[in-house]
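Visitor: Start counting the sequence shown at 4; every next residue gets the next number (the numbering used here).
One structure follows; several queries about it will come next.
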Amino acid sequence: MDTTLQDPLVGQLLDGRYRVDARIAVGGMATVYRAMDTRLDRVLALKVMHPALATDASFVERFIREAKSVAGLAHPNVVGVFDQGAQEQYVYLAMEYVAGCTLRDVLRERGALQTRAALDILEPVLAALGAAHRAGFVHRDMKPENVLIGDDGRVKVADFGLVRAVGTVTNTTGAILGTVSYLAPEQIEHGTADTRADVYACGVVLYEMLTGAKPHTGESPAQVIYQHLNEDVPAPSALVPGLAPELDRLVASATARDPEVRPFDAVALLAESRDARAGLTDAQLDAVPPQALAEVRDAAEDRTSVIPRVLPPGQGTAHHTSRLEMAPPLPPERPARRAGLLGGPRRGIVAAVVAVLLVLGIGGGVWYINSGQFTHVPPVLGQSEKAAKGRLSDAGLELKGVERAYSDTVERGKVIGSDPKSAARIRGNGSVKLVVSRGPEIVEVPDVEGVTLAEAKRRLTKAGLVPGMTTREFSEDAAAGEVVRTDPESGAERHPDSAVAIVVSKGSPVDVPDVTGLSVEDATDALDEEGLKAKVLPDRVNSPEDAGDVAEQSPAEGREVAEGDTVTLTVSKGPQMIDVPDVTGKDVDDARSELEDAGFEVKVDRPFLSFSDTVESQSVDGGDRAPEGSTITIKTKGL
4 MDTTLQDPLV GQLLDGRYRV DARIAVGGMA TVYRAMDTRL DRVLALKVMH PALATDASFV
64 ERFIREAKSV AGLAHPNVVG VFDQGAQEQY VYLAMEYVAG CTLRDVLRER GALQTRAALD
124 ILEPVLAALG AAHRAGFVHR DMKPENVLIG DDGRVKVADF GLVRAVGTVT NTTGAILGTV
184 SYLAPEQIEH GTADTRADVY ACGVVLYEML TGAKPHTGES PAQVIYQHLN EDVPAPSALV
244 PGLAPELDRL VASATARDPE VRPFDAVALL AESRDARAGL TDAQLDAVPP QALAEVRDAA
304 EDRTSVIPRV LPPGQGTAHH TSRLEMAPPL PPERPARRAG LLGGPRRGIV AAVVAVLLVL
364 GIGGGVWYIN SGQFTHVPPV LGQSEKAAKG RLSDAGLELK GVERAYSDTV ERGKVIGSDP
424 KSAARIRGNG SVKLVVSRGP EIVEVPDVEG VTLAEAKRRL TKAGLVPGMT TREFSEDAAA
484 GEVVRTDPES GAERHPDSAV AIVVSKGSPV DVPDVTGLSV EDATDALDEE GLKAKVLPDR
544 VNSPEDAGDV AEQSPAEGRE VAEGDTVTLT VSKGPQMIDV PDVTGKDVDD ARSELEDAGF
604 EVKVDRPFLS FSDTVESQSV DGGDRAPEGS TITIKTKGL
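The following block contains the structure:
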């Protein structure tokens with residue numbers, strides 16, 4: 004049965020503009036419909052809040068926040084928001100319509116994806132989130148349901164309904180916002196989320212794409228929450244043998260339980276993803292996941308296991324384990340046989356080789372092993388991150404990663420440490436991790452009121468903060484283009500890299516005059532007198548206004564705009580000519596109704612002392628055509 008037939012909105016014209024055609028999906032907060040924008044003649048998606056929630060100010064505020072946040076991103080991998088409004092109990096967003104399916108649909112149908120497909124989906128998702136993070140927002144509800152895959156292959160992130168500014172602390176009171184399978188530990192434990200919470204969720208989504216299963220499962224949400232807090236996400240290769248170690252490392256990096264260990268934001272994780280891809284062969288990227296994965300998944304969902312890594316002789320014991328380099332466990336009898344049969348001969352062989360080397364006097368080989376393969380970590384303390392990376396490269400060393408830490412003494416962006424430390428002995432092809440200063444743990448928001456937007460962003464960046472979302476509002480005190488205030492306000496203390504929203508003045512407001520019915524020239528002059536510009540659309544429309552006069556304007560009369568803004572004018576091509584119904588011989592009231600329904604005004608002419616209610620004649624004969632909205636006079640019989 005088609006449930007959309009029971010939906011009262013289907014078939015309706017919302018806000019006089021959006022024709023609701025079909026229901027697409029229903030969520031806990033809103034229903035999504037496919038609709039037609041009758042003004043612009045395009046298909047879009049309408050996200051309509053459930054009427055029962057429209058009386059809750061917090062839900063409405065979250066709804067409007069989503070519209071404003073996404074509208075400011077304008078990123079090709081973010082589902083765009085075109086409009087926001089309300090009609091009676093219906094609060095809605097008009098959004099881009101993406102014909103296709105969700106990542107959840109793909110996973111439900113196919114299970115595990117090929118590595119190339121998983122990365123091809125992950126990377127545009129990270130690009131979208133990276134744009135949001137750099138704009139100062141956190142999504143907070145990343146999951147496969149919110150990843151849309153269009154019929155043309157485009158990947159887009161949807162549903163910013165839980166979005167928050169990066170610097171905003173979101174405390175939960177008995178309820179956790181988000182979807183439990185993708186919540187970061189700090190969201191659960193402290194009720195707070197920054198960019199690294201989205202990074203964690205993306206790591207879980209990547210695990211699910213690579214394996215076809217969620218890393219943490221249970222019979223209740225509480226069991227899943229416990230695993231998030233107490234268990235690492237297992238390596239994907241533990242569930243799908245043969246996956247490359249680079250993928251295990253990528254998942255481990257993104258899903259580290261300690262947020263300080265994760266990539267700082269989606270942009271950083273995107274760089275790691277591209278590095279991982281670069282290290283894979285075509286065979287690894289295109290390997291087909293095992294067909295029996297669904298059966299493996301059912302068993303694996305009930306447990307988390309760490310599989311022993313098989314180490315070369317002399318490099319460890321059977322107790323060493325690794326999440327990044329895993330191999331199937333040996334049968335119990337094989338380690339014993341190896342130790343018993345090979346332990347003695349190996350010691351004899353090593354002793355014999357050493358004796359031969361000593362007899363032949365080959366000391367150079369010993370020197371090479373102990374010295375020639377080693378170098379020292381170059382001094383990098385106090386260097387910029389870029390300079391330090393260059394020194395490591397010049398020394399033939401690889402960069403293992405960059406960790407960021409607060410420092411009250413070392414300038415932001417400069418190196419405060421490394422692992423191994425400077426001057427430490429290291430193999431010539433070894434790797435070094437850098438620790439870079441994030442500046443003081445607390446910084447003060449600078450005063451940028453009255454300066455230009457560009458200057459405000461420069462000062463915030465210099466102070467170690469991130470310029471966040473920019474909004475504009477009218478101001479009687481600040482000239483257009485000047486900063487009115489920031490959020491948080493100047494003088495407030497925040498962690499480095501916190502986002503600061505900026506409000507810029509649009510200048511004093513200007514009331515839009517009514518120019519409908521005027522000629523284009525007169526309308527342009529009237530707008531110019533108010534400091535506004537006119538833009539005339541090329542397409543004309545039928546209207547009651549005379550041909551050549553202004554039929555419609557946008558914004559409408561009385562709306563407040565900024566000086567220099569543009570008012571769009573639509574020109575009339577005159578009234579539409581329509582057929583006049585023949586109403587002679589009909590009752591006056593019936594004749595009036597029929598003519599009005601056809602789009603005419605009606606005037607009744609009753610001769611003196613006429614008591615008839617029958618129409619004897621009409622000013623325009625039935626079957627002829629007359630302008631829509633014009634007046635038709637009907638006359639009754641006289642004495």
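Yeah, the Cβ is synthetic: ideal placement off N, Cα and C, and Gly gets one too.
With DSSP as the reference, please indicate the residues paired to K436 in a beta bridge.
Guide: Mapped onto the sequence shown, residue 436 falls at position 433. Partner(s): G404, D422.
Visitor: Which one of V208, I635, A225 has the shortest CA to CA distance from P218?
Guide: To locate residue 218, count along the sequence shown from 1; it is residue 215. Of V208, I635, A225, the residue nearest in Cα terms is V208.
Visitor: Got a sec, what are the start and stop residues for the beta strand (DSSP E) V486 sits in?
Guide: Taking the first residue of the sequence shown as 1, we reach residue 486 at position 483. Start and end: 486-490.
Visitor: Taking C-beta to C-beta, are I635 and A629 nearer than 8 Å?
Guide: Taking the sequence shown and counting its residues from 1, the one referred to as residue 635 is at position 632. Taking the sequence shown and counting its residues from 1, the one referred to as residue 629 is at position 626. Yes; because the gap between Cβ atoms is below 8 Å, this pair is in contact.
Visitor: Could you say which of D154, V150, R143 lies nearest to A187 if we only look at CA atoms?
Guide: Translated into the one-based positions of the sequence shown, residue 187 becomes position 184. It is R143 whose Cα lies nearest to the Cα of A187.
Visitor: Thinking C-beta only, is S276 closer than 8 Å to V227?
Guide: Taking the first residue of the sequence shown as 1, we reach residue 227 at position 224. Taking the first residue of the sequence shown as 1, we reach residue 276 at position 273. In this structure, S276 does not lie closer than 8 Å to V227 by Cβ.
Visitor: Please say whether A33 and Y100 have beta carbons closer to each other than 8 Å?
Guide: Counted from its first residue, the sequence shown places residue 100 at position 97. Counted from its first residue, the sequence shown places residue 33 at position 30. Contact flag unset, no.
Visitor: Between which two residues does the beta strand (DSSP E) carrying D514 extend?
Guide: Taking the first residue of the sequence shown as 1, we reach residue 514 at position 511. 512-514 is the extent of the beta strand (DSSP E) around D514.
Visitor: Going straight from the alpha carbon of R1 to that of V270, what length do you get?
Guide: There is no way to answer for residue 1, as the model of the chain reaches only from 4 to 642.
Visitor: Could you say if the region 556-567 and the region 501-511 meet the contact criterion of at least three C-beta pairs nearer than 8 Å?
Guide: yes
Visitor: I'd like to check one pair, G215 with A115: are the Cβ atoms closer than 8 Å?
Guide: Here residue 115 refers to the residue found at position 112 of the sequence shown. Here residue 215 refers to the residue found at position 212 of the sequence shown. Yes. Within cutoff.
Visitor: Rounding to the nearest angstrom, what Cα-Cα distance links D108 and R260 in this structure?
Guide: As a working note, residue 108 is residue 105 in the sequence shown. As a working note, residue 260 is residue 257 in the sequence shown. Using only the alpha carbons, I get a separation of about 28 Å.
Visitor: Inspect the CB distances between the region 568-575 and the region 545-554 and report whether three or more fall short of 8 Å.
Guide: Yes, since at least three Cβ pairs between the region 568-575 and the region 545-554 fall closer than 8 Å, the two stretches touch.
Visitor: Thinking just about the alpha-carbon of each residue, which of V513, G404, L56, V451 is nearest to the one in R488?
Guide: As a position in the sequence shown, residue 488 is number 485, starting the count at 1. The option with the nearest alpha carbon to R488 is V451.
Visitor: Are D155 and V202 touching if we call contact CB-CB under 8 Å?
Guide: The count along the sequence shown starts at 1 and reaches residue 155 at position 152. The count along the sequence shown starts at 1 and reaches residue 202 at position 199. Going by C-beta atoms, D155 is not nearer than 8 Å to V202.
Visitor: For L540, I'd like the list of residues in its chain whose CB is within less than 8 Å of its CB, leaving aside the five on either flank, ordered along the chain.
Guide: To locate residue 540, count along the sequence shown from 1; it is residue 537. Contacts found: T571, L572, T573, V574.
Visitor: Buried or exposed for G442, going by 16 or more other Cβ atoms inside 10 Å?
Guide: The residue given as residue 442 occupies position 439 in the sequence shown. It is buried - the Cβ of G442 has at least 16 other Cβ atoms within 10 Å.
Visitor: Can you find the residues in the same chain that come closer than 6 Å, C-beta to C-beta, to I3, ignoring five residues on each side of it along the sequence?
Guide: For residue 3 there is no data in the structure shown, the boundaries of the chain being 4 and 642.
Visitor: Using three-state DSSP, classify K460 as helix, strand or coil.
Guide: Counting from 1 along the sequence shown, the entry for residue 460 is found at position 457. Of the three classes helix, strand and coil, the one that applies to K460 here is helix, per DSSP.
Visitor: Can you list, in chain order, the residues of its chain with a C-beta nearer than 8 Å to that of A102? Leave out the 5 residues immediately preceding and following it.
Guide: As a working mapping, residue 102 is identified with position 99 in the sequence shown. These residues qualify, in order along the chain: G153, D154.
Visitor: Using a Cβ-Cβ cut-off of 8 Å, state whether K606 counts as contacting chain B.
Guide: Given the protein chain composition of this structure (a single chain), no chain B is represented.
Visitor: Whose C-beta lies closer than 6 Å to the C-beta of P54 among residues of the same chain, with five residues either side of it excluded?
Guide: Here the question's residue 54 lines up with position 51 in the sequence shown. Correct list, in chain order: Q92.
Visitor: K606 and T569 - do their beta-carbons sit closer together than 8 Å?
Guide: On the sequence shown, position 566 is the one that residue 569 refers to. On the sequence shown, position 603 is the one that residue 606 refers to. Contact: no.
Visitor: According to DSSP, is L521 part of a helix, a strand, or is it coil?
Guide: For the purposes of this step, residue 521 is identified with residue 518 of the sequence shown, where counting begins at 1. Coil at L521, not helix or strand.
Visitor: Within a Cβ cutoff of 8 Å, which residues of the same chain sit near G245, ignoring the five residues on either side of it in sequence?
Guide: Here residue 245 refers to the residue found at position 242 when the sequence shown is read from its first residue. Taken in chain order, the residues that qualify are A290.
Visitor: Indicate whether V435 and V405 have their beta-carbon atoms separated by less than 8 Å.
Guide: As a position in the sequence shown, residue 435 is number 432, starting the count at 1. As a position in the sequence shown, residue 405 is number 402, starting the count at 1. No. Outside cutoff.
Visitor: For Y36, name the three-state secondary structure that DSSP assigns.
Guide: Counting from 1 along the sequence shown, the entry for residue 36 is found at position 33. Reduced to three states, the DSSP call for Y36 is strand.
Visitor: Within a Cβ cutoff of 7 Å, which residues of the same chain sit near P449, ignoring the five residues on either side of it in sequence?
Guide: As a working note, residue 449 is residue 446 in the sequence shown. Excluding positions up to five away in sequence, the list reads R462, L463, A466, S493.
Visitor: Please list the segments of the beta strand (DSSP E) lying wholly inside the region 112-154, counting only runs of 3 or more residues, in order along the chain.
Guide: Fully enclosed beta strand (DSSP E) runs of 3 or longer: 150-153.
Visitor: Terminal residues of the continuous beta strand (DSSP E) containing S256?
Guide: Your numbering for residue 256 matches position 253 in the sequence shown. Where S256 is concerned, there is no enclosing beta strand (DSSP E), although the alpha helix (DSSP H) it sits in stretches over 248-257.
Visitor: Which first and last residues belong to the alpha helix (DSSP H) in which P188 is found?
Guide: For this step, residue 188 is matched to residue 185 along the sequence shown. 188-193 is the span of the alpha helix (DSSP H), which, as asked, contains P188.
Visitor: Is it buried or exposed for G139, if we count other Cβ within 10 angstroms and need 16 for buried?
Guide: As a working note, residue 139 is residue 136 in the sequence shown. Buried is the call here.
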